[in-house]
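Enquirer: Numbering-wise, the sequence shown is residues -24 to -1, 1 to 66 according to mature numbering (1 follows the signal peptide of the UniProt record, and there is no 0).
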Amino acid sequence: MASRALSIMLISLVLSCVSIWLEANVPTIEGYKDHIRTCGSTDECEGIWCKQGRLGECLTWTCDLDEDCRKLVRCDRTPGPYCMEGMCTC
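1. Check the DSSP bridge columns for residue 33 and list the partner residues they point to.
2. Which class does residue -5 belong to by DSSP, given the choice of helix, strand or coil?
3. Looking at the structure shown, is residue 15 part of a helix, part of a strand, or coil, going by DSSP?
4. What residue does the beta strand (DSSP E) around residue 66 start on, and which one ends it?
5. State buried or exposed for residue 56, treating a residue as buried only when at least 16 other CB atoms are found within 10 Å of its CB.
6. For the beta strand (DSSP E) that residue 50 lies in, which residues bound it at each end?
7. Can you name, in chain order, every residue of its own chain whose Cβ lies under 7 Å from the Cβ of residue 41, other than the five neighbours on each side?
8. Would you check if there are 3 or more beta carbon pairs closer than 8 Å linking the segment -12 to -2 to the segment 18 to 33?
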């Protein structure tokens, strides 16, 4: 009886570890990071400043958590991005 309970507990532990690993690593495995823009910040822009060819654009993405911003953009030469007051910033 104890061995059956132990087996069920070990199987559930392995499945939860595998699901956590997949959630953390599948986006990087599929080349997801290739689609994330690298941007920065300027004084003229309230949000995030991203270069687009010769020009740039000021983007304002709404967010609830820092993780929301990390899915959209990476900050060049600064830590972040962060979610501040409901908006992504570098």
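From the three backbone atoms N, C-alpha and C, an ideal C-beta is built for every residue, glycine too.
Expert: Taking the geometry as given:
1. Residue 33 sits at position 57 when you count from the first residue of the sequence shown. Among the bridge pairs identified by DSSP, residue 33 is matched with 26.
2. Taking the first residue of the sequence shown as 1, we reach residue -5 at position 20. Helix.
3. In the sequence shown, counting from the first residue as 1, residue 15 sits at position 39. Looking at residue 15 - three-state DSSP - the assignment turns out to be strand.
4. For the purposes of this step, residue 66 is taken as the residue at position 90 of the sequence shown. Going by DSSP, residue 66 is part of no beta strand (DSSP E) at all; its letter is neither H nor E.
5. Numbered from its first residue, the sequence shown carries residue 56 at position 80. Buried is the call here.
6. Here the question's residue 50 lines up with position 74 in the sequence shown. Residue 50 -> beta strand (DSSP E) spans 49 to 51.
7. Translated into positions along the sequence shown, residue 41 becomes position 65. Excluding residues within five positions, the ones whose Cβ falls inside 7 Å are 59.
8. The segment -12 to -2 is not in contact with the segment 18 to 33.
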